[in-house]
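Participant: The structure is given below, and queries will be raised subsequently.
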Amino acid sequence: MVKIVLAGGAGNVGREVLEALLAEGKHEITVFSRKEVPDLSSEGVTINIVDYSDKAALVNALEGVDTVLSFIITFNDPNNRSQTNLIDACIEAGVRRFAPSEWATRSHCGIPAYEGKDQIYDYLRELNKEKKVLEFTLFQCGLFLNYFSYPHPSAKFMQIFPMPIDVENCRAIIHKDTKAQITLTSVQDLARIVTKAVDYEGAWPEVSGVRANQMPVLDFIGLCEKVRGKKFVVESVEKSDLERGRFTSSWFPIIVHSSVSEDLRDAFSQSYFSAFILALERGGWNASNEWNELLPDFCFTHAEDFLSNVWKHGP
């Protein structure tokens, strides 16, 4: 048994990982939060209310901790101050392992909202340049399958919103002449991988790719069509329009998420999904497979099984 801290682990993806760790019952778990979390406190989970600007207090809170998993939202963390302070405090407190807030694309995928992830990766590599002061890994799993259950919930805590492949309305927006590949992993599978990773006795790989399903985007649309029993209306968008953050399609998905204020939803959604589709073409949503190789007997959720289970009764 070791002590594990989940920074920002009270909600969304972090909460899914937390629940998986609690179900294992092997470790002493603490959640770092900026505010009270009554439902977790009532379950007996230790909540530590932290100020990420107070590094000395962070060092004290991390005393005796083996592993820190970060779920701090990078685009809401100006200059990455919260996460860099957390990293520095981990080193000072003698934390052995750290996983920064990744949980999505490959590094340097070109999505502006994820630039903070790349900066944190560069920061960690620089810290270890002369000698290793903190073992770290980047959990990257591609796109969560759960988004394709929208509007039906397919996870207990993860927030979902529409995607450019809209299974509910049988339509899709793609890059013109796309040949992109996509990795699709359920958040439940990712959480189970993390529970095994914290118990893994070897050194963590620098990049922790998790690849449950990988296929061409067009094949995934075909799979969605098979499950829904009808052809999708597929609209293509020119690269030049996407680079300007513009959708010339008849619709685009709107992100409704606690991290995006209501007045910014339309503008943020256009900007994010333009970069999202461009990142697909660069291979940014095509995860590597380090944990597939380290855990060859792990049984992943197949995309067709997931979709069929959600949509077997129609929209």
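Counting in this note's numbering, the sequence shown runs from 1131 upward without gaps. Ideal Cβ positions, reconstructed from N, Cα and C, are used throughout, including at glycine.
Between the Cα of Asp1435 and the Cα atoms of Asn1343, Glu1256, Glu1365, Phe1403, which residue gives the shortest distance?
Facilitator: Asn1343
Participant: Determine, using beta carbons only, whether Phe1362 and Arg1301 come nearer to each other than 8 Å.
Facilitator: yes
Participant: Kindly indicate the opening and closing residues of the alpha helix (DSSP H) around Asn1210.
Facilitator: Run containing Asn1210: none; DSSP gives neither H nor E here.
Participant: Closest to Val1198 by C-alpha separation, out of Val1135, Arg1358, Phe1269, Asn1206, would be which residue?
Facilitator: Nearest option by C-alpha distance: Val1135.
Participant: Determine, using beta carbons only, whether Val1155 and Leu1148 come nearer to each other than 8 Å.
Facilitator: Here residue 1155 is Gly; the residue named in the question, Val, does not match the sequence. Cβ atoms of Gly1155 and Leu1148: not closer than 8 Å.
Participant: Spatial neighbours of Asp1307 within its chain, please: C-beta separation below 8 Å, excluding the five flanking residues on both sides.
Facilitator: Ser1366
Participant: In this structure, how does DSSP classify Gly1339 when only helix, strand and coil are distinguished?
Facilitator: The three-state secondary structure of Gly1339, taken from DSSP, is strand.
Participant: Would a C-beta distance cut-off of 8 Å place Leu1188 and Leu1216 closer than the cut-off?
Facilitator: yes
Participant: Smallest Cα separation from Gly1413: which of Gln1213, Cys1271, Ser1380, Asp1218?
Facilitator: Cys1271
Participant: Quick one, are the C-beta atoms of Ile1221 and Val1195 less than 8 Å apart?
Facilitator: no
Participant: Which complete beta strand (DSSP E) runs does the segment 1298-1344 hold, if anything under 3 residues is left out?
Facilitator: 1301-1305, 1311-1315, 1337-1339
Participant: Rounded to whole angstroms, how far is the Cβ of Leu1268 from the Cβ of Glu1232, which I believe are closer than 8 Å?
Facilitator: 5 Å
Participant: List, from N- to C-terminal side, the alpha helix (DSSP H) runs of 4 residues or more that fit wholly inside the segment 1154-1204.
Facilitator: 1168-1172, 1185-1191
Participant: To the nearest angstrom, how far is it from the Cα of Gln1400 to the Cα of Gly1224?
Facilitator: 42 Å
Participant: On the DSSP bridge assignment, give the partners of Arg1227 in chain order.
Facilitator: Thr1197, Glu1265
Participant: What is the residue span of the alpha helix (DSSP H) that Ile1134 lies within?
Facilitator: Taken as a continuous stretch (DSSP letters only), Ile1134 belongs to no alpha helix (DSSP H), being part of the beta strand (DSSP E) at 1133-1137.
Participant: What residue does the alpha helix (DSSP H) around Val1386 start on, and which one ends it?
Facilitator: Neither: Val1386 is in no alpha helix (DSSP H) and is coded neither H nor E.
Participant: Can you tell me whether Pro1281 is helix, strand or coil according to DSSP?
Facilitator: coil
Participant: If we count the other Cβ atoms within 10 Å of its Cβ and call it buried at 16 or more, is Leu1394 buried or exposed?
Facilitator: Around the Cβ of Leu1394, a 10 Å sphere holds fewer than 16 other Cβ atoms; the residue is exposed.
Participant: Counting C-beta neighbours from all protein chains within 10 Å, is the total for Asn1276 16 or more, i.e. buried, or is it exposed?
Facilitator: By the 16-neighbour rule on beta-carbons within 10 angstroms, Asn1276 is buried.
Participant: Would you mind reading off the limits of the beta strand (DSSP E) that contains Glu1365?
Facilitator: 1363-1367
Participant: Got a sec? Which residues, its chain only, sit under 8 Å from Ser1212 by beta carbon, not counting five neighbours each side?
Facilitator: Tyr1182, Ser1183, Ile1202
Participant: Report yes if the C-beta distance between Phe1274 and Val1317 is below 8 Å; otherwise report no.
Facilitator: yes
Participant: Considering Cα atoms alone, identify which of Lys1309, Ala1234, Asn1419, Phe1278 is closest to Asp1349.
Facilitator: Lys1309
Participant: For Phe1274, does the three-state DSSP call read helix, strand or coil?
Facilitator: strand
Participant: In the DSSP assignment, the alpha helix (DSSP H) including Asn1439 goes from what residue to what residue?
Facilitator: 1433-1441
Participant: Have a look at Asn1299 and His1305 and give me their C-alpha separation to the nearest angstrom.
Facilitator: 19 Å
Participant: Give the secondary structure of Pro1242 by DSSP, where H, G and I count as helix, E and B as strand, and everything else as coil.
Facilitator: helix
Participant: In this structure, does DSSP put Asp1248 in helix, strand or coil?
Facilitator: helix
Participant: What does the alpha-carbon distance come out to for the pair Lys1261 and Thr1214?
Facilitator: 18 Å
Participant: Less than 8 Å between the CB atoms is what I'm expecting for Glu1355 and Leu1408, so what's the real figure, rounded?
Facilitator: Not a contact, Cβ separation roughly 24 Å.
Participant: Using a Cβ distance threshold of 8 Å, determine whether the segment 1330-1341 contacts the segment 1369-1386, with at least three qualifying pairs required.
Facilitator: no
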